[in-house]
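For the record, in the sequence shown the residue sitting at position 313 is 293 according to the numbering used here, with numbers rising by one throughout. Just so it is clear, CB atoms sit at the ideal spot from N, CA and C, and this is done for glycine as well. A quick write-up on the structure given underneath.
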Amino acid sequence: AACRPLLPRLLRLAALLSPVWPRQPGVPLRSQLLQLVSALSSTATASAATLSNSASQQPPPPDSLRSALLLLLHALSRCADSLLQLFADPGLADFALECLQRYAVSVAEDGAAASAETAVALTGNLLLPHSPCRHRLLTESCLSLLLNLLADCCLPAPTRQRSLRLSLAWALANAAYDCGDSAAWQLLADRLPQLLAAMLDELQLPCTQLEPSVTIATGDATADAAACCKALEALRNLLAGGADRADRLLLARPQLLPLLESALDPCLPAESVLRPAALAALVNAADGGAAARLALLPREALLLRVRDCLSQPELPLPQLSLRIFTNLMEPRPNAEAASETEADSASPDPQCRSVLAKLGFPDQVAKLLDRSHRHPILTAEETHRAERMLNLF
């Protein structure tokens, strides 16, 4: 039961378990994992102290054990089944947070970035909606640590920290999913826009710098674009869940819409991951209440970029742009509307109809519907809703 003999086994398991788990569900790991977590955690119990003292003659290097266990837990957390079965113990969430705190201090040092990235990736998995540890990690201490790390990585970053930036953005996107009207939502809403602005600012290249032989979707730029995409996904998650959230976020952070406009830059390569992510966030923004609409409608340059995506061949740009159009046009019935028929007959916002007509949305939507009739790319529900909105003009 001593820790030291387990080190080589942990290293082998960390390397081998990811592709085979849970196809070998009989591997007896749970008790071993919990023993090691107790032994290595700063909140160790008396029994854990006894366990760690059993190897006091030749104690194993704590960092080696911690890193090995971290790799193993990360491998196990990548599978939904093992995440549900093995991670119910709160000590695992505490261990992940302890590792995050430990490696965040020395992330700039050689050799620490890899361990920090593993700790962030593990935390991101534990923040997934189906994770038993999610609620325990949706705290100010954990989220502030992730946000502070991302802020550090938004400074001119060495290559070894670019993948860490991606892992951080992914973890924050998981945290932002369905986090409700909680302190976690408020903390993310307060800090994410500024971090996204820094990431997009580093990524963007002026149109004059783009030449036919040059692409920004290679090498480090690919990792940076993927990190921006995940940050946009976090923003999309914050905007979801009801009109009130979209209204609150756009009122408090008006700079979000210029950020989304920059992510729809037509100078980006056609295969850029940013445009679908930005459009998905705008779908939720357009589904907001009156305040969200009032924030969106004056942004004609942004809406023109949305309109232009209706004619793009790359999927899912047309579908997402159509949802923005239909969400904006969807009549918000009065509370007195007593039936579905009355709700359907409610009038759209006159300003919204005027702005979208002036920008040419009806013609582009009609062309998209004709394109989909010839080569179906829209669902029956999307087609019916778009046709209903066109009849309002």
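6 Å CB neighbourhood of residue i in its chain, flanking five on each side removed
i           : result
residue 265 : 219, 226 and 272
residue 356 : none
residue 351 : none
residue 369 : 306 and 309
residue 146 : 203, 206 and 207
residue 348 : 290 and 298
residue 341 : 287 and 305
residue 80  : 99, 103 and 125
residue 358 : 352
Beta-carbon separation (whole angstroms), residue i vs residue j, contact threshold 8 Å
i           : j           : result
residue 254 : residue 212 : 7 Å
residue 176 : residue 239 : 6 Å
residue 372 : residue 328 : 5 Å
residue 282 : residue 310 : At roughly 19 Å, the Cβ-Cβ gap does not stay under 8 Å, so residue 282 and residue 310 are not in contact.
residue 217 : residue 257 : In fact, because the Cβ distance is near 11 Å, the residues do not count as touching under 8 Å.
residue 169 : residue 116 : Incorrect: roughly 21 Å between the Cβ atoms, too far for contact.
residue 130 : residue 118 : Actually they do not touch by this definition, with Cβ atoms about 17 Å apart.
residue 222 : residue 158 : That pair is no contact at about 11 Å.
Cutoff 8 Å; reference residue i; Cβ partners in own chain excluding five residues on either side
i           : result
residue 151 : 100, 101, 103, 104, 107 and 126
residue 289 : 244, 255, 259, 297, 298, 300 and 301
residue 280 : 335 and 339
residue 333 : 309, 372 and 373
residue 83  : 92, 95, 96 and 99
residue 284 : 339
residue 346 : 370
Close beta carbons around residue i, own chain, < 7 Å, minus the five adjacent residues each side
i           : result
residue 307 : 263, 266 and 267
residue 365 : 306
residue 73  : 106, 113, 116 and 117
residue 133 : 141, 144, 145 and 148
residue 123 : 155, 164, 167 and 168
residue 120 : 163 and 167
residue 376 : Nothing can be reported for residue 376, as the shown portion of the chain is limited to -19 through 373.
residue 303 : 263
residue 178 : 134
residue 344 : 287, 290 and 291
residue 180 : 208, 239, 242 and 243
Classification of residue i by the beta-carbon crowding that lies within 10 angstroms, buried from 16 upward
i           : result
residue 63  : buried
residue 235 : exposed
residue 54  : buried
residue 291 : exposed
residue 128 : exposed
residue 71  : buried
residue 293 : exposed
residue 49  : buried
residue 360 : exposed
residue 85  : exposed
residue 153 : buried
residue 143 : buried
residue 173 : buried
residue 231 : exposed
residue 354 : exposed
residue 261 : buried
residue 97  : buried
residue 183 : buried
residue 295 : exposed
residue 76  : buried
Test: residue i CB closer than 8 Å to a CB of chain B
i          : result
residue 96 : Any reference to chain B falls outside this structure, which holds one protein chain only.
Proximity test, residue i beta-carbon vs the ligand ATP heavy atom, cut-off 7 Å
i          : result
residue 93 : By its list of ligands, the structure shown contains no ligand whatsoever, and the ligand ATP lies outside what it can speak to.
For the structure I just gave you, are there three or more beta carbon pairs, one from the region 267 to 285 and one from the region 205 to 217, closer than 8 Å? no
Contact the region 59 to 75 vs the region 108 to 117: 3+ CB pairs below 8 Å: yes
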